[in-house]
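Take a look at the structure set out below.
In the working numbering, the protein residues as written are 998 to 1366.
So, in structure tokens, the structure goes:
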């Protein structure tokens, strides 16, 4: 009797395991996962000034069950929904305060199944504003007896009109670029930016500017990294001639602000914080065209190859530098340099693969009719 009882109990247990409720739970979970809606949205732009409009588009969301979808938005991701459910997939919002903002979207179908997702935007005082530099002549290089040999001879150059960035490219802007392309190198393997030298971090497969450093110029960037960003923005790096005209104007002044050195007008070793400063921190040092930070803060990569005697053979209209050489040009000096190395006429050459803690850049664009 004891053996028979044990056998009966084992049979009942096996029956429950094979045919009982244990089989129903994964089936139920599978159905829920299959039929829940998918939530996704895009934001444009990813960064903007206070008061600017951010446009969100939830068109990529879809219903797995075929049920109609509705959408609602939480602009601050604070747990309070700012809009009611609606079939409208598009919305706009603006922010008055600076910093990262998390936007939350909830998508619900008519069965009541819902799902949420989030994306971040950044509100910043730095912008991608471009300044128009008008066509015409300017004086390039230094007068005899002033500056280094590669700044001579001083000569007149004619340039077509062009656009140049009002500010240097920031950590936030460069992180957006890295996330958009999904890598930190070009197809030839050239590294774009040395992460350990800059204030951008890579975590969970996302590049993000260090909090508080979003509006500082990106540094540690190679020429390849600068050039690739410029092309991604639909632009290019400025030529040496373009950069110098943007800095000095058409009257041949010694500094962007005039002919006398003023330490308070730029971030050089004399008066600066001995580190990069947020772009646009020295508005009194702007050039005649309103371009900021062309003296000090960070060196800026330019399009040209460096050739010491190029001014002796340079064309007088729209020069673009030699066809090839070993180094690319850097201009403007940096926070780590004294005034003499921050002069708008001084020229430097560096290997395009190099990045340093004071190497940055800004972009230029052609003026299209």
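We treat Cβ as the ideally placed atom computed from N, Cα and C, and that holds for glycine.
From a predicted model like this one, the values you see are computed outputs, not experimental measurements.
In whole angstroms, what is the alpha-carbon distance linking residue i and residue j?
{"i": "residue 1329", "j": "residue 1201", "result": "36 Å"}
{"i": "residue 1322", "j": "residue 1227", "result": "21 Å"}
{"i": "residue 1137", "j": "residue 1152", "result": "5 Å"}
{"i": "residue 1066", "j": "residue 1122", "result": "37 Å"}
{"i": "residue 1046", "j": "residue 1093", "result": "9 Å"}
{"i": "residue 1154", "j": "residue 1197", "result": "39 Å"}
{"i": "residue 1351", "j": "residue 1035", "result": "44 Å"}
{"i": "residue 1275", "j": "residue 1312", "result": "36 Å"}
{"i": "residue 1251", "j": "residue 1333", "result": "20 Å"}
{"i": "residue 1168", "j": "residue 1224", "result": "16 Å"}
{"i": "residue 1216", "j": "residue 1109", "result": "49 Å"}
{"i": "residue 1143", "j": "residue 1097", "result": "47 Å"}
{"i": "residue 1290", "j": "residue 1359", "result": "10 Å"}
{"i": "residue 1295", "j": "residue 1055", "result": "40 Å"}
{"i": "residue 1353", "j": "residue 1187", "result": "15 Å"}
{"i": "residue 1095", "j": "residue 1365", "result": "33 Å"}
{"i": "residue 1324", "j": "residue 1037", "result": "45 Å"}
{"i": "residue 1064", "j": "residue 1089", "result": "25 Å"}
{"i": "residue 1125", "j": "residue 1232", "result": "12 Å"}
{"i": "residue 1103", "j": "residue 1070", "result": "7 Å"}
{"i": "residue 1218", "j": "residue 1269", "result": "22 Å"}
{"i": "residue 1025", "j": "residue 1061", "result": "Unreliable positioning characterises residue 1025 in this predicted model, as indicated by a pLDDT of 32, which lies under 50. A coordinate reading is not provided."}
{"i": "residue 1174", "j": "residue 1134", "result": "35 Å"}
{"i": "residue 1044", "j": "residue 1050", "result": "10 Å"}
{"i": "residue 1195", "j": "residue 1273", "result": "11 Å"}
{"i": "residue 1199", "j": "residue 1345", "result": "31 Å"}
{"i": "residue 1139", "j": "residue 1042", "result": "42 Å"}
Can you have a look at residue i and say buried or exposed, based on whether 16 or more other CB atoms are within 10 angstroms of its CB?
{"i": "residue 1078", "result": "exposed"}
{"i": "residue 1255", "result": "exposed"}
{"i": "residue 1281", "result": "exposed"}
{"i": "residue 1327", "result": "buried"}
{"i": "residue 1248", "result": "exposed"}
{"i": "residue 1023", "result": "With a pLDDT of 37 at residue 1023, under the threshold of 50, the predicted position of this residue should be treated as unreliable, and no value is reported."}
{"i": "residue 1355", "result": "buried"}
{"i": "residue 1132", "result": "exposed"}
{"i": "residue 1161", "result": "buried"}
{"i": "residue 1257", "result": "exposed"}
{"i": "residue 1147", "result": "buried"}
What is the C-beta distance between residue i and residue j, in whole angstroms, given that I count them as a contact (C-beta under 8 Å)?
{"i": "residue 1220", "j": "residue 1298", "result": "5 Å"}
{"i": "residue 1308", "j": "residue 1150", "result": "6 Å"}
{"i": "residue 1159", "j": "residue 1300", "result": "Not quite, the Cβ-Cβ distance comes to about 12 Å (not below 8 Å), so this is no contact."}
{"i": "residue 1172", "j": "residue 1204", "result": "4 Å"}
Classify residue i as helix, strand or coil using the three-state DSSP reduction.
{"i": "residue 1214", "result": "strand"}
{"i": "residue 1245", "result": "helix"}
{"i": "residue 1394", "result": "Any property of residue 1394 remains undetermined from this structure, which presents the chain solely from 998 to 1366."}
{"i": "residue 1156", "result": "strand"}
{"i": "residue 1026", "result": "Residue placement at residue 1026 is flagged as unreliable, the pLDDT there being 33, under the threshold of 50; the coordinate-derived value follows with that caveat. Note: residue 1026 maps to helix in three-state DSSP."}
{"i": "residue 1351", "result": "coil"}
{"i": "residue 1323", "result": "coil"}
{"i": "residue 1092", "result": "coil"}
{"i": "residue 1262", "result": "helix"}
{"i": "residue 1360", "result": "coil"}
{"i": "residue 1035", "result": "strand"}
{"i": "residue 1225", "result": "helix"}
{"i": "residue 1240", "result": "helix"}
{"i": "residue 1142", "result": "coil"}
{"i": "residue 1282", "result": "helix"}
{"i": "residue 1018", "result": "Residue placement at residue 1018 cannot be trusted, given a pLDDT of 46 that sits under 50; the coordinates are not used to answer."}
{"i": "residue 1251", "result": "coil"}
{"i": "residue 1013", "result": "Interpretation of residue 1013 is limited by its pLDDT of 45, a score under 50 that renders its predicted location unreliable; the figure taken from the coordinates is listed afterwards. Looking at residue 1013 - three-state DSSP - the assignment turns out to be helix."}
{"i": "residue 1301", "result": "strand"}
{"i": "residue 1177", "result": "helix"}
Is there a Cβ from chain C that is less than 9 Å from the Cβ of residue i?
{"i": "residue 1074", "result": "Note that chain C does not occur in the displayed structure, where there is just one protein chain."}
Confirm the yes/no value for this check: CB of residue i, any heavy atom of the ligand MG, distance under 8 Å.
{"i": "residue 1359", "result": "Absence of the ligand MG from the depicted structure is noted, as is the absence of any ligand whatsoever, leaving it without description."}
So who's on the other strand from residue i, going by DSSP bridges?
{"i": "residue 1127", "result": "1162"}
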